[in-house]
Amino acid sequence: MKITDAKVFVGGPGKNYVTLKIMTDEGIYGLGDATLNNRETLPAKFLGDYLIPCLIGMDPRKSEDIWQYFYRGAYFRRGPISMAAIGAIDMALWDIKGKIAGLPVYQLFGGKSREGALVYAHATGADIEGLCDSISYYLSEGYQAVRVQCGIPGMADKSYGVADQGGDSKHFITQFGSLPEQEIWSTEKYLQFMPKVFEEIRSRFGPELKVLHDVHHRLLPREAAAFAKEVEPFNLYWLEDPTPAEDQTALRLIRQHSTTPIAIGEVFNSLWDCKQMIEEELIDFIRISATYGGGITHLRRIVELAAIHNVRTGFHGAPSHSPISMAAQGHLNAWAPNFGIQEYLVLGTPECDALFPAEHFYQDGMFYISDAPGLGVDFDEQQSERYSFERTYHPVVRLEDGTLWNY
Ligand code: GCO
Ligand code: MG
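Here the sequence shown is numbered in numbering that gives the first Met the number 0, starting from 0 and rising by one per residue.
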C-alpha cells in the first residue's frame, strides 16, 4: 500500500481549520488536523513545502516509522508548527489504519475503558451574576463540569475568558482581532476577587459541581502557590496554567504549598515539555493536544508516562480544534486508563457539521465516540470551497503600568 497524494485545506466556518487529506493507491484516505490557532498558514506551508513531498510513495501503515522519520529524522525538532504538521500526518495515518481494519481507532489501542467521556464547558460572566446564569445554562444542558471565568471589578479591560460584550455570555467563543487586541491585567485585583467567585458558586450550586478555572499563565510562582492554597476550601476540580508553562520547576513551589489539583500543557508540543512535571508529579492533569502535540502516536506515549505518575488526561479542546482532532482525542479518551476530563466547546453548527460529517455525539455531560472505522469524521471538499483564510491574532496583555505580560 502506498501514499499517492496529500492535500492541505485552510478555512472553515469562523475558524481557519487546517485539514490534511492523505490519499492511497487503494482508494482509502485519511484525515488530520494541523490547526495552530492564529498561526494557521504556517503548519499548512510546512506540510506542503517539506513533509508531503517525502510522504508520497511511503507505506501509510507504517505510522510509527513515519512519525520517527519526521521527528527523529529532522535536525530542527519540536515546536508548535512542526509538531502540528507531524500531528496531522499521524492522525491521518491512524484514520487509514482504522479504515483498513474496519475498526474505530480506539479498538487499535486496546478498546474502550468507558462508554462516555466526561467533558467540561466554558461558563463566563462579566460579573458573578452573569457567570451564575451561564453556569445554570450549562447545568440545564446536562453538564457536570464547567470552567468558570469572571470579569474582575476595577480591571480596565475585559478579563481573560469572559465573552465579548453584547455577545452571548452562555456560549463562550473568543473573537480574535484582525490585529492583536490589548487586555489589561492586575494580579492584585484578580487575587482579591477570584476567591469570592468560588465561594459564591459553591454556595449557589453546592459541592457536587465540578468547577475548573483557567489562570492563563498570569501569576508568579509565589502568587500561584498562595492562591492555590487559599482556594482549597472550594475544592476545585482543577486550577489551570497558574504560571507560564515553560518553567517546570515553578510548579514545585505550588505543590509544596497546596493540594489544589493543577492542570497544564495546552501550549506543549512534546513529551520533553512535560517530562519533568509528570515524573515529579507536579501536576494532576496533562492538557497537551493531539493537534500540536505530534498526533496520536506521541500523545499515547505521554498518556502512558502520565499513567505511571498518577497524572490524568485533560486534553485541550478550544474551538480552534477541528472535529478531526476532537475525534482523535475522543478515541484516546475512550481508551486511556488514566482519562480525566475533556474540554469540549460545541462546534456543532450546521456549517461545521456539513464540512466535517461525523456520528460522534454529546449527551448529559459526556462525549460518545462513534463506532465508524478510523477516526469517524469525514471532510466535504465541496463545502470547503466556501471558506478561505482570514488572519487573526491572540490579544496581548499589559499590566496597568504598561508592562507587557503573559496572555
Ligand atoms: C483553554 C485555552 C484557550 C486558549 C486558546 C488560545 O483553556 O481552552 O486557554 O482558551 O486561550 O486556545 O489559542
Ligand atoms: Mg487554558
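Where a beta carbon is used, it is the ideal one built from N, C-alpha and C, also for glycine.
Please say whether residue j and residue i have beta carbons closer to each other than 8 Å?
i, j, result
"Leu298", "Arg251", "no"
"Asp156", "Ile127", "no"
"Ile340", "Leu41", "no"
"Ala83", "Tyr291", "yes"
"Gly56", "Lys14", "no"
"Ile277", "Ile285", "yes"
"Met154", "Ser185", "yes"
"Gln148", "Tyr159", "yes"
"Gly373", "Gly29", "yes"
"Lys20", "Phe378", "yes"
"Leu235", "Tyr119", "no"
"Leu50", "Ile88", "yes"
"Phe233", "Glu198", "yes"
"Arg409", "Ile80", "Past the boundaries of the shown model lies residue 409; the chain is included only from 0 to 406, so the question cannot be answered."
"Pro103", "Ser369", "yes"
Helix, strand or coil: how does DSSP classify residue i here?
i, result
"Met154", "coil"
"Val310", "coil"
"Thr3", "strand"
"Tyr28", "strand"
"His489", "Nothing can be reported for residue 489: it is not among the residues displayed for the chain, which extend from 0 to 406."
"Met57", "coil"
"Arg121", "Here residue 121 turns out to be His, not Arg, going by the sequence shown. Three-state result, His121: strand."
"Val266", "coil"
"Thr45", "Note on identity: in this sequence residue 45 is Phe, with Thr being the wrong assignment. If DSSP states are grouped into helix, strand and coil, Phe45 belongs with the helices."
"Pro186", "At residue 186 the sequence reads Thr, which differs from the Pro that was named. Residue state, collapsed to three classes: helix."
"Lys20", "strand"
"Pro194", "helix"
"Ala371", "coil"
"His216", "coil"
"Leu238", "strand"
"Ala333", "helix"
"Gly205", "coil"
"Ile340", "coil"
"Gly401", "coil"
"Gln362", "strand"
Would you tell me roughly how many angstroms separate the C-alpha atoms of residue i and residue j, rounded to the nearest one?
i, j, result
"Ala262", "Asp352", "30 Å"
"Pro52", "Asp4", "9 Å"
"Glu229", "Arg217", "17 Å"
"Thr312", "Phe338", "5 Å"
"Gly329", "Leu107", "13 Å"
"Glu231", "Trp271", "30 Å"
"Ile323", "Asp400", "42 Å"
"Met193", "Glu222", "13 Å"
"Ala125", "Tyr189", "13 Å"
"Lys274", "Ile301", "8 Å"
"Pro243", "Trp404", "10 Å"
"Gly110", "Val395", "43 Å"
"Arg254", "Tyr142", "29 Å"
"Thr123", "Pro152", "14 Å"
"Lys6", "Leu54", "11 Å"
Within 10 angstroms of its Cβ, does residue i collect 16 or more other Cβ (buried), or is it exposed?
i, result
"Trp334", "buried"
"Lys96", "buried"
"Asp64", "exposed"
"Tyr74", "exposed"
"Ser202", "exposed"
"Ala91", "buried"
"Thr18", "buried"
"Asn268", "buried"
"Asn309", "exposed"
"Tyr16", "buried"
"Ile307", "exposed"
"Asp363", "exposed"
"Gly462", "As displayed, the chain neither begins before 0 nor continues past 406, which places residue 462 out of reach and without an answer."
"Glu407", "Nothing can be reported for residue 407: it is not among the residues displayed for the chain, which extend from 0 to 406."
"Asp94", "buried"
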